[in-house]
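Each protein sequence line maps, in turn, to chains A and B. Numbers 1 to 394, taken from full-length UniProt numbering, label the letters of the first sequence in order. Numbers 1 to 105, taken from full-length UniProt numbering, label the letters of the second sequence in order. The beta-carbon is built from N, C-alpha and C at its ideal position, and this holds for glycine as well. On a predicted model such as this, the values are computed, not experimentally measured, just so you know.
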Amino acid sequence: MPVRKVMKANEAAAWAARLAKPKVIAAFPITPSTLVPEKISEFVANGELDAEFIKVESEHSAISACVGASAAGVRTFTATASQGLALMHEILFIAAGMRLPIVVAVGNRSLSAPINIWNDWQDSISERDTGWLQFYAENNQEALDLILIAFKVAEDERVLLPAMVGFDAFILTHTVEPVEIPDQEAVDEFLGEYVPKHAYLDPAKPITQGTLAFPAHYMEARYTVWEANENAKKVIDEVFAEFEKRFGRKYQKIEEYRTDDAEIILVTMGSLAGTVKEYVDHLREKGVKVGAAKLTVYRPFPTEEVRELAKKAKVLALLEKNVTFSVGGALFQDFSRALINESEKPRIVDFILGLGGRDVTFRDLDEVMDISKRALAGEEFDEVNWIGLRKEVL
Amino acid sequence: MAESPFKADIERVQKEYSEKMTPGAIAKIPGSSVVNKTGSWRVFMPDFNRDKCVRCYLCYIYCPEPAIYLDEENYPTFDYDYCKGCGICANECPVDAIVMVRESK
Ligand code: SF4
Ligand code: SF4
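What follows is the structure in structure tokens.
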């Protein structure tokens, strides 16, 4: 029987790792995800998880050790955040290029400077072009579930890509919620053992991994990473469906909330989706035609689902905790790209908010709605809007 | 040109490479440094004058690739698939039997 326990998202991530039975975990502590390896080391020390726990001196080494272990043919896991993920940057490309299904839990945190340990998505968003799959959790249960799902998708032979699962710093990493821990047997059945067919070290059958590719082969090799990302779209749907069948919890690349007949749809990711749904309820009571949508999967980018979503609304308001300077948020670019050749498209308004742990309140969302309503009325509006900015200190 | 002593290896690996790209661009058998021809990097190529050559083999010894073999009469001969045009052979030759000329393709 699955048990329910009250725990932080960090613990939920550690539990997911324990259930997935990785053979190697290499990690370096960083706020806010320190508790993930801490808890895993406890599991290993107690004999509850039969794995090699490697203590390393930096995140660069942590992910490098994971690459080595995965190349040797075992399931691997690590956790990080912010500058730690940035320090992994170089190796992230290598993991994807070598098609190693490593899973990394990311406690989504802002980037320096100034130093800030609180939540936004700048860390993992900055790694969107590495070839990694990216999932974003709304709550602690999703953090656990999505890590299991990430392993299953990553290890699928049609995919073979590393995956990161983001959950918001402190809002989730350090907040306790009831979380259902699935049965070990059920997880074993769902995930199966990782048996690599493409990459494993066997002295009897020597291979070269991460080899040099001349101009004649490099481009093709990169294309296979593109192809794998495309394949992942279908595989993710299949795995979501199987997860629902086995564990009863439904996931979709884009989860819609009260979008039927909505004129304005507020689109976001992570824990902010919870706030936005409640806000939508609050507005619906007043008769405002508004809905919400949550991206559970950010990479591969769910282009088809975005196009479907766009058909439902006149205004898409994108709520993002990240910024690409001089351009806007990452979602703004992705949504614009997905819709650019559609004959009919909604107006897209971008909102940058909640950076570095700034609380996003109903008052901020009122500001979002004011601008969105102007866009709906066909009035002029700024494409990119910073919400909750304290202009008086500028 | 004398035949490369790695001919069998090269053919084996080339066959492997001409097959479909492996996930992760894995080289399934070792030997890629042999099969990846380095001649395409070249800007200058050694031009050999057999009449001047005294067969001292300094070029043969110094070629870092090594892209110089000896032919039936023990004169140096150049494997342009691997000669990267570094010019060391021309520099070492005591009788200027090798000069570097700009490669024209
Ligand atoms: S130019 Fe350099 S690589 Fe080419 S034959 Fe001479 S020494 Fe060898
Ligand atoms: S160094 Fe010059 S002389 Fe000596 S073998 Fe080579 S080409 Fe001939």
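Closest residue to residue i among the options (Cα-Cα distance)
{"i": "residue 183/A", "options": "198/A, 145/A, 64/A", "result": "145/A"}
{"i": "residue 64/B", "options": "48/B, 71/B, 38/B", "result": "38/B"}
{"i": "residue 386/A", "options": "371/A, 378/A, 379/A", "result": "371/A"}
{"i": "residue 311/A", "options": "264/A, 282/A, 331/A", "result": "264/A"}
{"i": "residue 317/A", "options": "253/A, 308/A, 346/A", "result": "346/A"}
{"i": "residue 138/A", "options": "344/A, 324/A, 9/A, 198/A", "result": "9/A"}
{"i": "residue 3/A", "options": "242/A, 186/A, 70/A, 328/A", "result": "186/A"}
{"i": "residue 19/A", "options": "234/A, 76/A, 83/A", "result": "76/A"}
{"i": "residue 429/A", "options": "257/A, 70/A, 231/A", "result": "Absent from the model: residue 429/A. The displayed extent of chain A is 1 to 394, so no value can be given."}
{"i": "residue 221/A", "options": "94/A, 14/A, 5/A, 126/A", "result": "94/A"}
{"i": "residue 46/B", "options": "68/B, 26/B, 20/B, 9/B", "result": "68/B"}
{"i": "residue 331/A", "options": "344/A, 342/A, 351/A", "result": "351/A"}
{"i": "residue 79/A", "options": "121/A, 261/A, 118/A, 14/A", "result": "14/A"}
{"i": "residue 29/A", "options": "85/A, 44/A, 45/A", "result": "85/A"}
{"i": "residue 11/A", "options": "261/A, 36/A, 329/A", "result": "36/A"}
{"i": "residue 15/B", "options": "28/B, 23/B, 24/B", "result": "28/B"}
{"i": "residue 149/A", "options": "88/A, 81/A, 17/A", "result": "17/A"}
{"i": "residue 165/A", "options": "374/A, 383/A, 295/A, 394/A", "result": "295/A"}
{"i": "residue 232/A", "options": "52/A, 160/A, 123/A", "result": "160/A"}
{"i": "residue 199/A", "options": "26/B, 10/B, 20/B", "result": "26/B"}
{"i": "residue 225/A", "options": "66/B, 23/B, 93/B", "result": "23/B"}
{"i": "residue 181/A", "options": "117/A, 129/A, 212/A, 249/A", "result": "249/A"}
{"i": "residue 188/A", "options": "170/A, 374/A, 230/A, 247/A", "result": "247/A"}
{"i": "residue 140/A", "options": "373/A, 228/A, 171/A, 154/A", "result": "171/A"}
{"i": "residue 327/A", "options": "282/A, 281/A, 383/A", "result": "383/A"}
{"i": "residue 307/A", "options": "343/A, 320/A, 212/A, 123/A", "result": "343/A"}
{"i": "residue 118/A", "options": "5/A, 236/A, 356/A, 158/A", "result": "356/A"}
{"i": "residue 353/A", "options": "390/A, 31/A, 237/A, 54/A", "result": "390/A"}
{"i": "residue 336/A", "options": "313/A, 39/A, 303/A, 360/A", "result": "303/A"}
Cβ-based burial, residue i [other Cβ within 10 Å; buried from 16]
{"i": "residue 115/A", "result": "exposed"}
{"i": "residue 156/A", "result": "buried"}
{"i": "residue 285/A", "result": "exposed"}
{"i": "residue 152/A", "result": "buried"}
{"i": "residue 309/A", "result": "buried"}
{"i": "residue 266/A", "result": "buried"}
{"i": "residue 369/A", "result": "buried"}
{"i": "residue 61/B", "result": "exposed"}
{"i": "residue 340/A", "result": "exposed"}
{"i": "residue 325/A", "result": "exposed"}
{"i": "residue 402/A", "result": "Residue 402/A is absent from the model: chain A starts at 1 and stops at 394."}
{"i": "residue 392/A", "result": "exposed"}
{"i": "residue 218/A", "result": "exposed"}
{"i": "residue 223/A", "result": "exposed"}
{"i": "residue 358/A", "result": "buried"}
{"i": "residue 96/A", "result": "buried"}
{"i": "residue 377/A", "result": "exposed"}
{"i": "residue 162/A", "result": "buried"}
{"i": "residue 127/A", "result": "buried"}
{"i": "residue 206/A", "result": "exposed"}
{"i": "residue 41/B", "result": "exposed"}
{"i": "residue 142/A", "result": "buried"}
{"i": "residue 104/B", "result": "exposed"}
{"i": "residue 214/A", "result": "exposed"}
{"i": "residue 322/A", "result": "buried"}
{"i": "residue 239/A", "result": "buried"}
{"i": "residue 212/A", "result": "exposed"}
{"i": "residue 394/A", "result": "exposed"}
Residue i: CB within 7 Å of a non-hydrogen atom of ligand 4
{"i": "residue 89/B", "result": "What this structure holds is ligand 1 and ligand 2, not ligand 4."}
Original post:
Per the contact definition of three or more C-beta pairs closer than 8 Å, is the stretch 167-179 of chain A in contact with the stretch 56-66 of chain A?
Top reply: No: the two stretches stay apart, fewer than three of their Cβ pairs being nearer than 8 Å.
Original post:
Which whole runs of the beta strand (DSSP E) in the stretch 292-357 of chain A are 3 residues long or more, in chain order?
Top reply: The stretch 292-357 of chain A contains these whole beta strand (DSSP E) runs: 297-299, 315-320, 347-352.
Original post:
Is the stretch 297-307 of chain A touching the stretch 131-146 of chain A, taking contact as three or more C-beta pairs under 8 Å?
Top reply: Touching, yes, given that three or more Cβ pairs across the two stretches are closer than 8 Å.
Original post:
Looking at C-beta atoms only, is the number of pairs between the stretch 94-105 of chain B and the stretch 42-61 of chain B that lie closer than 8 Å three or more?
Top reply: In short, these stretches touch, since the Cβ pair count reaches three.
Subject >> Three-pair Cβ contact test at 8 Å for the stretch 264-272 of chain A versus the stretch 91-105 of chain A >> reply: Contact between the stretch 264-272 of chain A and the stretch 91-105 of chain A is absent: fewer than 3 CB-CB pairs across the two stretches fall below 8 Å.
**OP:** Output the residue ranges of the alpha helix (DSSP H) runs that lie fully inside the stretch 179-206 of chain A and measure 4 residues or longer, sorted by chain position.
**Re:** Look at the stretch 179-206 of chain A and you find these whole runs of alpha helix (DSSP H), each 4 residues long or longer: 184-191.
**OP:** Note down, one range per segment and in chain order, each alpha helix (DSSP H) of at least 4 residues found wholly within the UniProt domain "4Fe-4S ferredoxin-type" (44-73) of chain B.
**Re:** Counting only unbroken stretches of 4 or more residues, the alpha helix (DSSP H) elements lying wholly within the UniProt domain "4Fe-4S ferredoxin-type" (44-73) of chain B are 58-62, in sequence order.
Original post:
Is it a yes or a no for the stretch 274-288 of chain A touching the stretch 358-377 of chain A, going by three-plus beta-carbon pairs under 8 Å?
Top reply: They touch, by the three-pair rule.
Original post:
At a cut of 8 Å, does the stretch 187-205 of chain A reach the stretch 106-121 of chain A through at least three beta carbon pairs?
Top reply: Cβ pair count under 8 Å is below three, so no.
Original post:
Mind pulling the beta strand (DSSP E) runs of 3 or more residues that sit fully within the stretch 250-285 of chain A?
Top reply: Inside the stretch 250-285 of chain A, DSSP marks whole beta strand (DSSP E) runs of 3 or more residues at positions 254-257, 264-269, from first to last along the chain.
Original post:
Do the stretch 21-33 of chain A and the stretch 68-82 of chain A meet, that is, are 3 or more Cβ pairs less than 8 Å apart?
Top reply: When Cβ pairs closer than 8 Å are counted between the two stretches, the stretch 21-33 of chain A is seen to touch the stretch 68-82 of chain A, the count reaching three or more.
**OP:** Please go through the stretch 94-175 of chain A and give each complete beta strand (DSSP E) segment of 3 or more residues, from N-terminal end onward.
**Re:** If you keep only unbroken beta strand (DSSP E) runs of at least 3 residues inside the stretch 94-175 of chain A, you get 103-108, 133-136, 163-168.
Original post:
Any contact of the stretch 279-294 of chain A with the stretch 242-256 of chain A, i.e. 3+ C-beta pairs under 8 Å?
Top reply: With a cut-off of 8 Å, the stretch 242-256 of chain A and the stretch 279-294 of chain A count as touching, because enough Cβ pairs lie within range.
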